[in-house]
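Take the position in the sequence shown, starting the count at 1, then add 1; the result is the number in my numbering. Glycine included, C-beta positions come from ideal geometry on N, C-alpha and C.
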Amino acid sequence: MSVHDVMAAAGKLKSVKRQGWLDAGIPAEQVESVADHSFRVAFMAAFLAPRAIGGKSGRTRQRGLDVLKMVRMALVHDLAESVVGDLTPRSGVPPKMKARMEEEAMRSLGDRGLLAIWKEYEAGRSPEANLVREADVAERVITAHEYIGTGHPAGRLAHFLEGGKYEVKGREFLALLDGCIHKRTGKRHPEIPPMRCKRPVYRCAFGRPR
């Protein structure tokens, strides 16, 4: 594929609705697109992730982060959904098949660089990948709070909120989540404790494979 094909795939994300919100009963006209989600994850990667590495103790966890790589990773982390759609547990697609479908979709784009950075994100095998995965969860939790703030039932979105308790560790991300809770409830939430977990982010966030 040419660069034009890759750009076309990125453009398709603007019309792919985030299926998790649809599954939760959010009206389609109010549901964000995958592109909407990816944009804010990339924004967080660019401006918050480098500061988020201090963690709860304030001590730096990693130095020499490649911020450009994180932004690129955030922009492509859901690019496969331009081909296969946003597959959630309700889709009935087994996790291993979902992983194969998404990798095949990325391979079909014909860009080795994009494929490599996507695989690095999926594997979580670098500090940059782990922070972008954390930003992905934080963005999802923030969006859930925003939907609740506009009148959608909190009970239907509870499993999205749980993700913050398990995978969000960076101090800047925690501050964002605390701010969302305070804005919605008028209360401050105690610092969210991380769960020591080697499972993929999506397993921790949803309690089951996504």
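Take residue i as the anchor and find which of the options has the nearest alpha-carbon.
i: Q20; options: A117, Y122, T89, I182; result: T89
i: G65; options: V94, V4, S127; result: S127
i: E173; options: G26, A11, A136; result: A136
i: R157; options: D24, Q31, F48; result: D24
i: H78; options: V94, P96, R41; result: R41
i: A159; options: A81, A47, H146, V169; result: H146
i: L76; options: G12, S92, G125; result: G12
i: H153; options: D6, A9, G26; result: G26
i: G125; options: T151, L80, M74, L175; result: M74
i: Y148; options: M8, A139, Q31, K97; result: Q31
i: L177; options: A139, G150, A155, T151; result: A139
i: V169; options: M45, M102, S34, S92; result: M45
i: M8; options: L175, L110, S34; result: L110
i: S34; options: K184, P95, T144, F48; result: T144
i: W22; options: A47, R91, L49, Y122; result: R91
What residue range does the alpha helix (DSSP H) around residue i cover?
i: Q20; result: 20-24
i: K70; result: 68-77
i: D128; result: The sequence given here places Pro at residue 128; Asp does not occur at that position. Taken as a continuous stretch (DSSP letters only), the alpha helix (DSSP H) holding P128 covers 128-150.
i: A29; result: Segment: none, A29 is in no alpha helix (DSSP H) and carries neither H nor E.
i: A11; result: 4-13
i: S83; result: 82-85
i: S39; result: 35-48
Using 10 angstroms around the beta-carbon of residue i, count the other beta-carbons present and answer buried if the total reaches 16, otherwise exposed.
i: R141; result: buried
i: L69; result: exposed
i: E129; result: buried
i: V4; result: exposed
i: F161; result: buried
i: V133; result: buried
i: K99; result: buried
i: M71; result: buried
i: D6; result: exposed
i: T151; result: exposed
i: D67; result: exposed
i: A36; result: buried
i: A81; result: buried
i: A29; result: exposed
i: A10; result: buried
Inset, instruction - Would you check if the segment 113-131 and the segment 11-29 touch, i.e. whether three or more CB-CB distances between them fall below 8 Å? - result: no
Inset, instruction - Could you tell me which uninterrupted alpha helix (DSSP H) segments, each at least 4 residues in length, are contained entirely in the segment 90-131, listed from first to last along the chain? - result: 96-109, 113-124
Legend entry - contact_flag[the segment 95-109, the segment 73-85] where n(CB pairs < 8 Å) is 3 or more: yes
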